[in-house]
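Structure record follows, encoded as structure tokens.
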Amino acid sequence: MLSEKESTQLEFNAYELINKFVNGDYWLFTINKLKNGYNLENTEYHFKVIKEDICYYLVVVIGEKEYFFDGKNEKSPFRCSRNYNGEWQIYFETILENTV
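Here it is as structure tokens:
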């Protein structure tokens, strides 16, 4: 079980890396479309952005464990809450279209 500080840092690191990816560092991850979202991975990191019901979640995969984040954590180093609904999906689709 992660502490609150560890959980916040885990989400923040994933959030920062995915933002770098959608802002042009396409070499960071291999991206694949899932039935309910997107899968991003490289040799070191594995993330998913998935939709459950009407909400998207950022999922950090470490080994067999998955850690779900809804973007509502406003603790440092975050400055405000995030909404993962639609935030990256347009970029993911564009990246997928340009890599086929």
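Residue numbers (the working numbering): 1445 to 1544. We put the CB at the ideal spot given by N, CA and C, even for glycine. Keep in mind the model is a prediction, meaning the values are calculated, not measured.
- Here the region 1518-1537 lies against the region 1478-1495, with 3 or more beta-carbon pairs under 8 Å apart.
- Note: Leu1478 is bridge-paired with Gly1481 in the DSSP secondary-structure output.
- Collapsing the DSSP output to three states places Glu1510 in a strand.
- Annotation for Glu1448: the continuous alpha helix (DSSP H) segment containing it runs Glu1448 to Val1466.
- Between the C-alpha atoms of Ile1462 and Leu1472 there is a straight-line separation of about 9 Å.
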